[in-house]
Amino acid sequence: MNELGNSETSYFIVKEPEEQKKARLEEAGKVKEGIRLLEDIIARFDKRIAFYDSLDSMDVDATSKPEDHLRQVIANKQTKANLIAEREYLYTLRTSFK
1 MNELGNSETS YFIVKEPEEQ KKARLEEAGK VKEGIRLLED IIARFDKRIA
51 FYDSLDSMDV DATSKPEDHL RQVIANKQTK ANLIAEREYL YTLRTSFK
């Protein structure tokens, strides 16, 4: 105790109402669920990017004709670039929730 009286401040702290606390916890659960979903989608994008970067994405029939082969290579590169851009957007969105 000091000269002004009781120095304990816990008496003056207002507790959070139960309804508000419940709503806050529900919202936090939904955010965590959304983050998990975003992480799953990002992982799927990583797999698709790796696929379009590999030779497995090339069609066997397209390798017989040089023009078709070139078209498929260009299409795969464009698809990979689009997937990377989308993944980066989702990753930015995911990191904003931390």
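Per the working numbering: the sequence shown ends with 98, consecutive numbering throughout. Note that the Cβ used here is the ideal one computed from N, Cα and C, for glycine as well. Keep in mind the model is a prediction, meaning the values are calculated, not measured.
{"query": "Presumed contact (8 Å Cβ cut-off) between residue 39 and residue 94, rounded CB distance", "result": "7 Å"}
{"query": "At least three beta-carbon pairs within less than 8 Å, the stretch 70 to 87 to the stretch 42 to 62", "result": "yes"}
{"query": "Validate contact between the stretch 55 to 63 and the stretch 71 to 81 using beta carbons, cut 8 Å, 3 pairs", "result": "yes"}
{"query": "Alpha-carbon spacing of residue 41 relative to residue 71, whole angstroms", "result": "28 Å"}
{"query": "Residue environment, residue 52, which counts as buried when at least 16 other CB atoms sit within 10 Å", "result": "buried"}
{"query": "Three-state secondary structure assigned by DSSP to residue 41", "result": "helix"}
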